[in-house]
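Reading through the structure tokens given below for one structure.
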Amino acid sequence: MRPRGLVRLLIRAVSLDRYGENRYTRRPGCHPDRNVIRHVIRRSHRHIIIQTEVRGRVKAAGGLDRIFDFTAFPVYLAMSFENIVIRASAGSGKTYQLSNRYLLLAAGGIEPETIFASTFTRKAAGEILYRILVRLAGAAADPGKLAELGESLKNGATEKDAHTLSREAVLDLLANLIRRLHLLRIGTLDSFFVKIAQAFSFELELPTGWMIADELNRHRFLEEAVRRVVGDMRAGDLVHLMQMLTKGEVARSVRAQLLSLAENLIEIHRDSEPAAWTALKRRPLLSERELADILERYEKAPLPNDKRAGAPHRKGYDNIVAGDWKTFLAHGFGKSVAEKKYTYYKARLDGELIDILEPLVRHAVAVQINDLVNQTEATGEILARIGEAYEEVKHAQRSLLFGDVTYRLANPRRLISESSLIHRIDARTRHLLLDEFQDTAPSQWEVLRMFVDSALYGTTTSGTTEPGSFFCVGDVKQAIYTWRGGDSTIFSAVENDVRPLRDDMLQTSWRSAPAIIDLVNLFFGTIDKNDWLIDPSKSTADEKAARNWRSGFEFHATAPRNALLGGYCVMETTPLAGTPEADDLFQSGPAGLSEEAFDCDAPDDVADYGSEEGGFGDSDGSGNGIERQQKIVSLAYAVRRIVALHHRDPSRSIGVLTRKNETIARLIYGLRKAGIDASEEGGNPLTDSAAVELVLSAMQLADHPGDTVARFHLANSRLAAVLGLSENAGDFSGSPGPASVPETVDCGRAARAAWLIRERLLSEGFGKTVRAWAKILAGDCDERELSRLLQLVEEAYLFDARKDRGLRCDRFIDLVRTKGVGNPNSAKVRVLTIHQSKGLEFDIVVLPELEGQLVGQPPLLVCERPRPKARIGKVVRYVGESLRNHLPDEYQSLFAEDRRIRIEESLCLLYVAMTRAKRELVMLVPGRKLSQNMSQNTAQKTSQKTPRPRKTFEGILRRGLLSPETRDIPNAVLFAHGNPDWYKTDGIVSQKRCPTVSAVPETLEVALAPLPERPRRLLRRFSPSAHSAQHEFEDAPDADDHGETAWDTRTERLEVTDETGDSGDSGRSFGKGDEILPKRFSHREREQAMLYGTAIHACFEQIEWIDDRIPEKEAIEEIVRRIYQAELPPRIAQTETESTVRDFYEMCAAPSIREALSRKERDRTQFRVFHERAFLIPRTEGTRYGLVRGSIDRLVVSYEGERPVGAEIIDFKTDRLDGGDSRAVRSRAKRYRPQLEAYREAVMRLYRLEKSRVKATLLFLDAMKTVTDP
């Protein structure tokens, strides 16, 4: 009998026959008209709860009567989909968190087509989808991964009664996602917006059949727009506009200037208010008569009592007469009055002279500001004309850019209803997952807000409330796309647009070894005190940038699985150009390596240390010549260094990160010459290949037969015969010489060859034609040339597929010359820019280009948004600091804010570069030299008077990592931290962590450059545990006892350890020997005592809760034996092992120790135990600022949910006390108070706890007594 009730299931991914539980059978007395199952679905704002109400029975398949109990459903039906924003540092697992959220939604019964997951690139979107599917597949195949996935989803939910995930549920979920693969919406924001725009082309007034234009077409459209504007304007109007635009200085063609302006500013103009370009007002000027009167008075004015005052007076007069007001303000008396100093060489200006100069200075300032106003207004006017023509050209060509699509969707006048959106794109968006949120542009957020509001606060087409959720993850420290419109302040704005919102932070790196994280914490943790950025005399934009950046930086931690990984960080100087070491790079380097290969003009952003601004030497008059030669040497040294790293361990991945694409080609050349197969990412146009240039010459000849350069190029190549430019048609055995190209027949042969090329292109297309030429040229190509030639063939086939390719070869030539094409492969060495490395990781990272300025060339203009999502309200053309100081305050703040933003972006770029490294980071900086006439001592004495170089990555790294007294010696190590031989013991270190030897955290060492005839030194380090009772107890040997103390008066590396001091020059620490030993102890007794302490610490590290389990005796003996055997003879080691193991078990039996290490009333889920909890925090002691590094023996952290609410520090002490009574114990405990306070401070900062919530306990193991908060 057919059931009368209708079963409506709103979770489509669930098979009721599979997951329904046969709990009830047909009972007598049930009437068929009551056989109905009602699934009442209640949806609150943040919870989805599915209930089952039984009203009868249903005839199910197989003749069974089933009632489905959804409380037994193994997927998470009781979920809380909170709105969450996660600020995740580098390597903390952003993609993992986003895939977690997606799986949480899918497992909670959310339809995949209602979820939109977005990221910045298509590659990253593919990785997210890959992670989702692979995690499900792995969970279905491996019970361990199934449990891990279930735990991840449980942590993501707020309901603690969610059921365990079953394998059947995972298989069904995976099958459902694969069946709906075409409906999954995981991609970029641009692709999402394009899909919406395609569905609403009529409403958005878009041309029919429109498509997205590439960069080549964008440039072509702008050229056409500029041509139309220039052609439509009257000559007089154009001349007047250009004079205002360039302040009367026209150095190149009008079209070239306008095209450059439009390329950089057209999007800014579109995003600005019209009034923004006229907001700066003009100032009144002196009349000609007033100016003449003042000039006459100035000529006769009394001069300062200084024999040198005559020259500036005459020059000032000449400048006024010539109308050179800029020079007048920049020098002499005009400068003194403009800066309100009123002196000249310390001589006070006469009052009458000041009265004359002040109106002249006001007039000079007004002239320049009025010129600035004219230039800004002219810029706005010409951009408005070009913008209008540009839109017409794009509309005629039925083309749009991604930015155009976003702009149309963000326009509030073109709102799109939710019902029509669902209908047209066949999906409704209820859950948003946004990755790399720090790079979101304000216009993009405006579009997304429509979906956020609809998901969180909207209603469905049926009128019922169906709330969704919002999830985003990003890192303001990695906001490196400001120049593309990204605005990291959106992070703050979203807090006002999305409520309620939970703000989480992830600071644990799962990528990098502790040495890398130490360096990141050391440098960026003190960036707000870096005196390369901070000027104590005044508050600057640079200082504000440093403080802002530091406020968003939390000290990073290393994931437990990486805690024992070896790693190494080093800063090295390259050889100095012109020295034997530099010449040796080319003479004994790889075969064929030449200076010409690395030849490059000194980039504009390279600091000129030879100028008057330089702090590292004097100028020898060669200017950029020195920098160019040094750049060549630095790149050659980088190649040699990379080769050595690769040969050291070929299995390791190496990332060479540059700031410029041009550097990539030079490094690739050097590496290929050295026999290293390197992958070229992102890269440069194909024109860095001679074979490609030859093909382009053939294309050029086809369009321009009269091009004699292309004619000569082809006639002296293998293509000459096939193109008919040679007497030997069809003979490809050799290349004809220049004499075989008679000028009398060149024109005829060239015309014939051009005709043949055009005919072939029309009949066969670009792809087949270029492929045929490539076959002819392949025999003369090396591996890289052939690779670039094959890439050209691929580009030719892609060009054939373009709808807008046209019939001219010029477009193909322009495409090849402008489009960057990488040469990626599976090589272990990859060369790419820092921007391209975003999201990647490498075992070893090399940074060869750190000499560039923090900020490059100044922008053409600066602008202001009153709010992150508002349109631009003020615009002004860029001017120098001298005139900037005379602008209104609100415009001065524009310039300061622009510099702050660019400084912060540069710091983000450096952060991204440093955090790509997993195990080793190599920083290469150019070698510098002191003045030949200045000794080292003299240089140190005058260092405070020497002007500092322009701000560079190199400069802030030096100031952040090195002592000011560090000598700048070429070809030397300036800074080193970690173990340079980590790769040798990597297999040992990466083995299971328990049982293991509990080692003291390795010391943060700063290796100074080697001094002539002096040993290398380390910076003096301090241990708070060594500060107590120095008159009674002996400190351990200091690292500098063998030579002159090297003080770092700016930043001291403080070290919190359990030993009494430093271990000496060897750099090795003895371990956990924490006794304060009297002087009467011999060296051998001291060493054995320290080994004993190390062994006892290692034993107690194996205990989590003593009332749960004490380790087996065999395991403890193995741990202790390894410690002693490494330092002592076998017989003594065996005796000490037996004694130590016996002591350990006696200690574990003591009531006081058992009480300290037992769980007591604690619940396992509410407490977490850390052994050897490492930390690195800044600390100020008096006037000295330093870093405290150490590890806590045992740390127990209590939680309420995910929030730490309290902590207990337990520090093991193996001191042998004479009496052992309570008085002696408390007396000794007081000596450890500074050490415990340092631990307490670290825990308070790491877990954001108040002091009252952190308890510190000393556990005296020998006396078997405890002291709390001594």
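634 is the number that the numbering used here gives to position 423 of the sequence shown; each next residue is one higher, with no gaps.
Using N, Cα and C, we set each Cβ at its ideal position, and we do this for glycine too.
Quick caveat, the model's predicted, so the values are computed rather than measured.
Test item: CB-CB of residue i and residue j under 7 Å
{"i": "V1331", "j": "T1351", "result": "yes"}
{"i": "F1423", "j": "F1311", "result": "yes"}
{"i": "K1129", "j": "S723", "result": "yes"}
{"i": "I1317", "j": "R1365", "result": "yes"}
{"i": "I1083", "j": "D482", "result": "yes"}
{"i": "T769", "j": "P725", "result": "yes"}
{"i": "T617", "j": "S654", "result": "yes"}
{"i": "R1127", "j": "F1186", "result": "no"}
{"i": "V709", "j": "N294", "result": "yes"}
Buried or exposed by the 16-neighbour rule on C-beta atoms within 10 Å, applied to residue i
{"i": "N1036", "result": "exposed"}
{"i": "G697", "result": "buried"}
{"i": "A352", "result": "exposed"}
{"i": "I339", "result": "buried"}
{"i": "E588", "result": "buried"}
{"i": "R1078", "result": "exposed"}
{"i": "Q308", "result": "buried"}
{"i": "A802", "result": "For A802, the predicted model reports a pLDDT of 44, less than 50, meaning its position is unreliable; a value from the coordinates is still stated below. It is exposed - the Cβ of A802 has fewer than 16 other Cβ atoms within 10 Å."}
{"i": "F331", "result": "buried"}
{"i": "P953", "result": "The predicted model places P953 with a pLDDT of 43, which falls under 50 and marks its position as unreliable, so this point remains unresolved."}
{"i": "H1188", "result": "buried"}
{"i": "P1362", "result": "exposed"}
{"i": "K1162", "result": "buried"}
{"i": "E1075", "result": "buried"}
{"i": "Q1068", "result": "exposed"}
{"i": "K1441", "result": "exposed"}
{"i": "E426", "result": "exposed"}
{"i": "R877", "result": "buried"}
Bridge partner(s) assigned by DSSP for residue i
{"i": "T179", "result": "Residue 179 lies beyond the stretch modelled for the chain, which goes from 212 to 1481, so this question has no answer here."}
{"i": "K1476", "result": "F1471"}
{"i": "A558", "result": "Y555"}
{"i": "F327", "result": "R396, L643"}
{"i": "C1074", "result": "V1086"}
{"i": "A889", "result": "V1040"}
{"i": "C683", "result": "V296, L645"}
{"i": "D715", "result": "I297"}
{"i": "S1174", "result": "Per DSSP, none; premise fails for S1174."}
{"i": "L733", "result": "None, per the DSSP bridge assignment."}
{"i": "C780", "result": "L1132, H1188"}
{"i": "H869", "result": "It is Thr, not His, that sits at residue 869 in the sequence shown. The partner list for T869 (beta bridge, DSSP) reads T1044."}
{"i": "Q586", "result": "Answer by DSSP bridge pairing: none, since Q586 is not bridged."}
{"i": "M422", "result": "S610"}
{"i": "D1422", "result": "L1469"}
{"i": "E1411", "result": "R1414"}
Residue of the options minimising C-alpha distance to residue i
{"i": "L433", "options": "T399, E1357, S610, V1123", "result": "S610"}
{"i": "L868", "options": "S862, I853, P861, D860", "result": "I853"}
{"i": "P1445", "options": "I1317, A1309, V906, D1480", "result": "D1480"}
{"i": "F1378", "options": "E1357, E510, S1409", "result": "S1409"}
{"i": "R1413", "options": "M910, R883, M716", "result": "Residue identity check: residue 1413 is Glu in the sequence provided, not Arg. It is M716."}
{"i": "E783", "options": "E1165, R333, A1449", "result": "E1165"}
{"i": "N1182", "options": "F1023, A788, D650", "result": "A788"}
{"i": "A487", "options": "Y1102, A621, R390", "result": "Y1102"}
{"i": "L315", "options": "A301, R1095, A380", "result": "A380"}
{"i": "W694", "options": "R1127, P1070, A1300, L1026", "result": "P1070"}
- request: Quick one: which unbroken beta strand (DSSP E) runs of 3-plus residues sit fully inside the stretch 954 to 1037? Chain order, please.
  value: 1032 to 1034
field: Secondary structure, beta strand (DSSP E): runs of 3+ residues fully inside the stretch 1303 to 1389
entry: none
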